[in-house]
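As structure tokens, the structure follows; a few thoughts come after it.
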Amino acid sequence: MKKTLFVLLVILIVLAPISTLFAGGSKESSVERHAFIFKNTGNPYGDKQMQGFTEGIEEQGFEAITRAPDQPTAEAQIQIIEQLITQKVASISITGNDFDALEPVLNKAMEAGVKVLSADSAVNPASRLTHINQADPELIGRTLIQAAYDIAGGNGDIAILSATSQASNQNLWIEWMKKELAENAGKYANLKLVRTAYGDDLRDKSVSEMEALLQSFPNLKVVIAPTTVGIAAAGRVITDRGLIGKVFVTGLGLPSEMAEYIVNKSCPYMFLWNPIDVGYLTAFAATAATKGSITGKAGDKFSAGRLGNFEVIKSEDGGTQVMLGAPFKFEPSNIAEWKTVY
Ligand code: RAM
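Mind the numbering: the sequence shown is residues 558 to 899 in this note's numbering, read in order.
Set out below in structure tokens:
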């Protein structure tokens, strides 16, 4: 009897690995998978962020999944999140298309054991452990108004060409732009913000919104585009319509896409951070969350490979965040050096 039991046990041990192969799923769970969802496809900035995320995840020996819907909507991101929950990923980092609308599905993910973070465009604090912020929103907003004032020579019509009307990162920056104007009303008395238009981070829509601004406001002097898609579209329209020297654009742009417009002076200068680093930092925050070395509370610390050590801090929306750094100014003297980097 003892011998039969022993033989049975040996057979079971030998067959076990083979049977798990046929059970499926064992291969999936062998390497921890971490997902990053961007706003929409067709945006080189998003591609750079996902490239940095993949680099950071693979450097740690894990598998990266990067996804983006065709359209920059919350609904489209909800479908992707549902799929990722089914695939049992370890973490989801999302550039949110809406601050609040993703809360139910992100809570569902967290209940299923998935660590959820946002990066670049925040989801509300109840939907995330923490947010990876590229730069201080107040500094971005105030700096862009000061730039428009400088470029306009202190007076004239200015307009904002943004991404979608629901994008939480752009909306926060625009709030700070308006605060800068209101708090320094004397200084900005002759600078008139005439409209905020939304190009939805789609190239064609951004071009037509820029054309509509020019049509509606013949005295438009400066357009602030706090989106890499919008600023490139504005540079294109100013250049193609022969408006260089009459209308200017500034804002947040990718050096690789904007070098042409900085050189031809349709964009005297602009700002950004390194989108590859935003993704890379997110990768390390995500794995720190799955390892349990950060819980998302202020004061949590983690190390992020080549970027060094970071701390989770409070954010102005009542949640927490990790701050990458300060925005960088791109201008004629340094654009050649940066245009090949990102
Ligand atoms: C666009 C996106 C992104 C934003 C940059 C500045 O590419 O809207 O979310 O951070 O611009």
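All residues carry an ideal CB built from backbone N, CA and C; glycine is no exception.
Practice task
State the CB to CB distance for the pair phenylalanine 593 and glycine 756, rounded to an integer number of angstroms; the pair is presumed to be in contact (CB under 8 Å).
Solution key: Between glycine 756 and phenylalanine 593 the Cβ distance is about 24 Å, and since that is not below 8 Å, they are no contact.
Problem - Nearest candidate by alpha-carbon position, reference phenylalanine 595, set Lys896, Asn690, Ser684, Asn654 - result: Asn654
Practice task
Grab me the residues of phenylalanine 579's own chain with a C-beta within less than 6 Å of its C-beta, minus the 5 sequence neighbours each way, in chain order.
Solution key: The predicted model places phenylalanine 579 with a pLDDT of 39, which falls under 50 and marks its position as unreliable, so this point remains unresolved.
Problem - leucine 829: CB within 8 Å of a non-hydrogen atom of ligand 1 - result: yes
Exercise for the section: Please find out if some non-hydrogen atom of ligand 1 comes closer than 8 Å to the beta-carbon of asparagine 600. Expected result: yes
Practice task
Mind checking who glycine 808 pairs with in its DSSP beta bridge?
Solution key: Ala782
Practice task
Check each candidate in Glu737, Ile715, Arg760 and name the one with the smallest Cα separation from glycine 698.
Solution key: Glu737
Practice task
Compute the Euclidean distance between the alpha carbons of aspartate 761 and asparagine 597, then round it to the nearest angstrom.
Solution key: 14 Å
Practice task
Round the Cβ separation of glycine 713 and asparagine 776 to the nearest angstrom and send it over; I've been treating them as touching at under 8 Å.
Solution key: 7 Å
Practice task
Please report how far the alpha carbon of lysine 871 lies from the alpha carbon of serine 684, in whole angstroms.
Solution key: 15 Å
Handout entry: Test item: CB-CB of alanine 790 and glutamate 817 under 9 Å
Key = no
Exercise for the section: Using alpha carbons as the reference points, say which of Ile614, Lys744, Leu696 lies closest to methionine 734. Expected result: Leu696
Problem - Contacting residues, own chain, Cβ-Cβ under 8 Å from isoleucine 731 (five flanking each side not counted) - result: Gly698, Ile717, Ser719, Thr753, Pro783
Practice task
Using only alpha-carbon positions, find the residue among Arg863, Asp857, Gly876 that is nearest to valine 869.
Solution key: Asp857
Exercise for the section: Kindly list the residues whose CB is nearer than 8 Å to the CB of leucine 659, restricted to its own chain and excluding five residues on each side of it in sequence; keep chain order. Expected result: Ala631, Gln634, Ile635, Ile638, Ile651, Gly653, Val680, Ser684
Problem - C-alpha distance - proline 601 paired with isoleucine 788, whole-angstrom precision - result: 13 Å
Practice task
Could you check what DSSP says for threonine 602 in three-state terms: helix, strand or coil?
Solution key: The residue you asked about is not threonine; residue 602 is tyrosine in the sequence shown. Tyrosine 602: helix per DSSP, three-state reduction.
Handout entry: Neighbourhood of alanine 769 by C-beta distance below 6 Å, restricted to the same chain and skipping five residues each side
Key = none
Handout entry: Proximity test, leucine 750 beta-carbon vs ligand 1 heavy atom, cut-off 8 Å
Key = no
Handout entry: Distance CB(valine 671)-CB(serine 648) smaller than 9 Å
Key = yes
Exercise for the section: Can you say whether proline 626 is buried or exposed, counting buried as having 16 or more other CB atoms within 10 angstroms of its CB? Expected result: buried
Practice task
Report back the beta-carbon spacing between alanine 843 and leucine 674 to the nearest angstrom; my notes put them in contact at under 8 Å.
Solution key: 6 Å
Handout entry: Neighbour-count burial assignment, glutamate 888, 16 or more Cβ in a 10 Å radius
Key = exposed
Problem - Residue interval of the beta strand (DSSP E) (run including phenylalanine 885) - result: 885 to 887
Handout entry: For glutamine 691, the residue or residues it bridges with in DSSP
Key = DSSP lists no partner for glutamine 691.
Problem - Helix, strand or coil at asparagine 866 [DSSP, three-state] - result: strand
Practice task
Drop a sphere of 10 angstroms on the beta-carbon of threonine 611, count the other beta-carbons inside from all chains shown, and report buried for 16 or more, exposed for fewer.
Solution key: buried
Exercise for the section: Between the Cα of glutamine 628 and those of Asp758, Lys744, Thr700, spot the shortest distance and give me the residue it belongs to. Expected result: Asp758
Exercise for the section: Using the Cα positions of alanine 746 and glycine 876, report the straight-line distance between them to the nearest angstrom. Expected result: 35 Å
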